[in-house]
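Undergrad: Using this note's numbering, read the sequence shown as starting at 604 and increasing by one per residue. Glycine is no exception: its CB is placed at the ideal position from the N, C-alpha and C atoms.
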Amino acid sequence: MFQTCGSWGYSGGQEEGCYDNKNTIFLQPAPETEVQNIEFFFCKKSLIQRVTLHAPHAGHNAEKGTLQYMDAGGAWVTAAQGIPTGNPKDLVISSAGDKYFHRWRIHDWRCAGNQWLAGIDISGQEDAA
Numbered sequence: 604m605f606q607t608c609g610s611w612g613y614s615g616g617q618e619e620g621c622y623d624n625k626n627t628i629f630l631q632p633a634p635e636t637e638v639q640n641i642e643f644f645f646c647k648k649s650l651i652q653r654v655t656l657h658a659p660h661a662g663h664n665a666e667k668g669t670l671q672y673m674d675a676g677g678a679w680v681t682a683a684q685g686i687p688t689g690n691p692k693d694l695v696i697s698s699a700g701d702k703y704f705h706r707w708r709i710h711d712w713r714c715a716g717n718q719w720l721a722g723i724d725i726s727g728q729e730d731a732a
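#1: Closest to alanine 732 by C-alpha separation, out of Ala721, Asp711, Gln684, Asp701, would be which residue?
#2: Going by beta-carbon coordinates alone, are valine 695 and threonine 688 separated by less than 7 Å?
#3: Excluding five sequence neighbours on each side, which residues of the same chain lie with their C-beta closer than 6 Å to the C-beta of tyrosine 613?
#4: Quick check for students: name the residue ranges of the alpha helix (DSSP H) that lie wholly in the stretch 652–698, counting only runs of 4 or more.
#5: Tell me whether the stretch 652–667 and the stretch 709–716 touch, counting them as touching only if at least three CB pairs, one residue from each stretch, are closer than 8 Å.
#6: Mark serine 610 as exposed unless 16 or more other C-beta atoms lie within 10 angstroms of its C-beta, in which case mark it buried.
#7: Hey, quick one: how far does the beta strand (DSSP E) through tyrosine 703 stretch, first residue to last?
#8: Let me check one thing: in DSSP terms, what residues is cysteine 714 bridge-paired to?
#9: What does a CB cutoff of less than 6 Å around glutamate 729 pick up in its chain, not counting 5 residues either side in sequence?
#10: Kindly list the residues whose CB is nearer than 7 Å to the CB of glycine 727, restricted to its own chain and excluding five residues on each side of it in sequence; keep chain order.
#11: Kindly identify the DSSP beta-bridge partner or partners of glycine 727.
#12: Measure the CB-CB distance between histidine 657 and alanine 721 and report whether it falls below 7 Å.
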């Protein structure tokens, strides 16, 4: 998706909407099923320890998503599966181990109803090497 480090973006969905009054994005109407990814390209190899996709309200609870990294051969490898938690249900993905890579993504995320997020929190660290 990206050729330049220090960037991020998403793929999938037929919409590109942002509701300024709510600071949220809208990507796909409810009946659509296109796979959606949110990809990150870090300049230094980085470890992603935790990701939270925030649901805007209970009508759009987060349902699924997978944290993946791109290995040295260019293949996407699953690091962890998301778990819906809270009310409204956010999707929390926690990754264990020392996996430092430039490219990470939240793969095939989905929420109830329209594909709509109120934000993403990511925690991790850069490789010290």
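TA: On the basis of the supplied data:
#1: Asp701
#2: Contact flag set, yes.
#3: Ile641
#4: none
#5: yes
#6: exposed
#7: Premise fails: tyrosine 703 is in no beta strand (DSSP E) and is neither H nor E.
#8: Ala665
#9: Lys647, Ser649
#10: Ser649, Leu650, Ile651, Gln652.
#11: Ile651
#12: yes
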